[in-house]
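A.B. asks:
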Amino acid sequence: MNSGIRFDGVSVAYGGTTVLDHLDLTVEPGEVMALLGPSGSGKTTALRAVAGFVRPASGRVFIGGQDVTALPPYKRGIGMVVQQYALFPHLRVDANVAFGLKAQKAPKAEIPARVAEALEMTGMAAYARRYPRELSGGQQQRVAIARALAIRPRVLLLDEPLSALDARLRSGMLAELARLHRELPDVSILYVTHDQVEALTLADRIAVMDKARLQDCGTPQDLYRRPRTEFTASFVGNANLLPVTVAADGVLFEGAELKVPAADATPGSTATLCVRPHLVGLGDGPNALRGRVTEVQWRGSTHRLYVEVGGHRVKADVRELRETPALGTEVTLHFAPQDAVLLGAGVADG
Ligand code: ADP
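The letter at position 64 of the sequence shown is residue 64 when you use full-length UniProt numbering, and the numbering goes up by one with no holes.
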C-alpha cells in the first residue's frame, strides 16, 4: 500500500495568526521524516494537519497519493503517538490497544490476534492484563505505540514521543523505534521533535522548521556537513558561526585571511562562516586563529575549549589533549578549508 505523505502549500492559522505558512513537503513511502525546530515553530500543527485534527486554511494534504484534506481522522489510516501517552486509565493494556481497532470496526474475531501482534512488536506481551498505572513511563509509551500499530497504519505520526522519558530510557526507546522502523519498511513516519539527537539518529531526512516555515530539508549528513542557513547550522549540531568579509580568495576574519571555498561570493560582502567545533584543531595549521583560552570543559571523550579571537568566542572540541591549557593562555587554533561552510554571502550577478 502506498504510504507517502505530501503537504501541498499547507497553511494553518489560529485567530488570524499564521502558525504554519505554506508548507510544501513530501515524505516518501517508508521514509522517516523528522520535523525539527524550536518550540512554537509549527511542527505539531503540521502533524495535526496530517492526522486531521486541524483544518488547513489553504493547501492540501495527501496520504498515499489520496487527497485526505476533507477526510475525518479515523478514515486516514494513521497511527499517532503523543508525548503524554494518552492511555485510558480504566482500561487494561489489551483493551487500550484494541481501542483503535474497535473504533475502526475491525472484524471482532481478528482483534485479539492483532492486539497480541502489536504487543509482541513492542515487547509488551507479558503486560496485557495490567492497568496503565501499573506500568512505568517507558512501558506506557510502548503501549501507546502498540495501540498506534494495531490498526496497521499507512502512516505513523509521532509527536515528541520520548520527551516525557528520562535520558537513559530515551536512548533505549530510540533504538526500539529504529528497530520498529526496520520491521515496518512500508510505513511512513513523521516524527516531531525539538531534540536534534533524536532527529539525527532516527530520520532519513530532517525538515527544519522555524517561525511557521520550513527552513531547510535534507539528510542528517547533508544538513550537518552543508547547512544552507545559519539557523540550520546552529540547530542541527553545534557550530561556530563567525562573521566574515568575503575576500578575493577566501574570507577575512578579525584581520586574519582564511582560505575557504567561496566560489560565487561577492568580494567585500559580509557573510557567516560555519565551522563545527570538532573540526577545529589546537596548534598551528592552515587557517590559523590566535586567541586566549577563556574556558575549558572536560567532556569525557573530548575537551571543549572556548577561545576568544578578537571579540568572538571560538569553540574547539579537542581529543587527546596532552596538557590542559591554563585560562588566559594564548593558543593557536586551525581548521581545514574544506571543513568550513560559507553562509549568507552575497552572490555576484550572472
Ligand atoms: P511546535 O510543535 O513547533 O512547538 P505548534 O505547532 O504546537 O508548535 O504551535 C505553533 C504555534 O501555534 C504556537 O505559537 C502555538 O501557541 C500556536 N497554537 C497551537 N495550537 C493552537 C490552538 N489550538 N489555538 C491557538 N494557537 C495555537
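Think of the CB as a built atom: it goes at the ideal place given N, C-alpha and C, for glycine as much as any other residue. Small disclaimer: the values here were computed from a predicted structure and weren't measured.
Are there any heavy atoms of the ligand ADP lying less than 7 Å away from the beta-carbon of MET209, as far as the coordinates show?
C.D. replies: Within the cutoff, so yes.
A.B. asks: Given ARG228, which residues of its chain have a CB within under 6 Å of its CB, disregarding the five upstream and five downstream residues?
C.D. replies: ASP216, listed in sequence order.
A.B. asks: Going by the C-beta, is TYR14 closer than 7 Å to any heavy atom of the ligand ADP?
C.D. replies: Yes - the ligand ADP has a heavy atom lying nearer than 7 Å to the Cβ of TYR14.
A.B. asks: Quick one: Cα of PHE7 to Cα of LEU25, how far?
C.D. replies: The alpha-carbon atoms of PHE7 and LEU25 are separated by roughly 5 Å.
A.B. asks: Nearest by alpha-carbon distance to ARG205: which of GLU31, LEU20, GLY311, GLU330 is it?
C.D. replies: Looking at the Cα atoms, GLU31 is the closest of the given residues.
A.B. asks: In chain order, what residues of the same chain lie with their CB nearer than 6 Å to the CB of ILE189, ignoring the 5 residues before and after it?
C.D. replies: Correct list, in chain order: VAL32, LEU156.
A.B. asks: Beta-carbon within less than 6 Å of ARG290's beta-carbon, same chain only, minus the 5 sequence neighbours each way: which residues are those?
C.D. replies: Closer than 6 Å at Cβ, skipping near neighbours: THR332.
A.B. asks: State the DSSP-derived secondary structure class of SER188, mapped to helix, strand or coil.
C.D. replies: If DSSP states are grouped into helix, strand and coil, SER188 belongs with the strands.
A.B. asks: Can you tell which of THR329, VAL293, ARG322 has its C-alpha closest to the C-alpha of ALA316?
C.D. replies: Closest by alpha carbon: VAL293.
A.B. asks: Would you give the residue range spanned by the beta strand (DSSP E) that LEU158 belongs to?
C.D. replies: Where LEU158 is concerned, the enclosing beta strand (DSSP E) stretches over 155-159.
A.B. asks: Answer yes if the region 52-59 comes into contact with the region 199-214, meaning at least three C-beta pairs across the two stretches below 8 Å, and no otherwise.
C.D. replies: Because the criterion of three Cβ pairs below 8 Å is not met, the region 199-214 and the region 52-59 do not touch.
A.B. asks: Can you tell me the Cα-Cα spacing of PHE86 and GLN104, whole angstroms?
C.D. replies: Rather than Phe, the amino acid found at residue 86 in this sequence is Ala. Distance between the alpha carbons of ALA86 and GLN104 is about 18 Å.
A.B. asks: Under the three-state reduction of DSSP, which class applies to VAL32: helix, strand or coil?
C.D. replies: Looking at VAL32 - three-state DSSP - the assignment turns out to be strand.
A.B. asks: Quick one: residues in its chain with C-beta nearer than 6 Å to the C-beta of PRO325, no 5 flanking neighbours on either side, listed in chain order?
C.D. replies: Result list for PRO325: VAL293, VAL331, in chain order.
A.B. asks: How would you call TYR14, buried or exposed, if buried means at least 16 neighbouring beta carbons within 10 angstroms?
C.D. replies: Answer is exposed; the Cβ neighbour count stays below 16.
A.B. asks: Helix, strand or coil for ARG179? Go by DSSP, reduced to three states.
C.D. replies: Helix at ARG179.
A.B. asks: Of the residues LEU71, LEU169, ALA118, which one's Cα is nearest the Cα of GLY100?
C.D. replies: Of LEU71, LEU169, ALA118, the residue nearest in Cα terms is ALA118.
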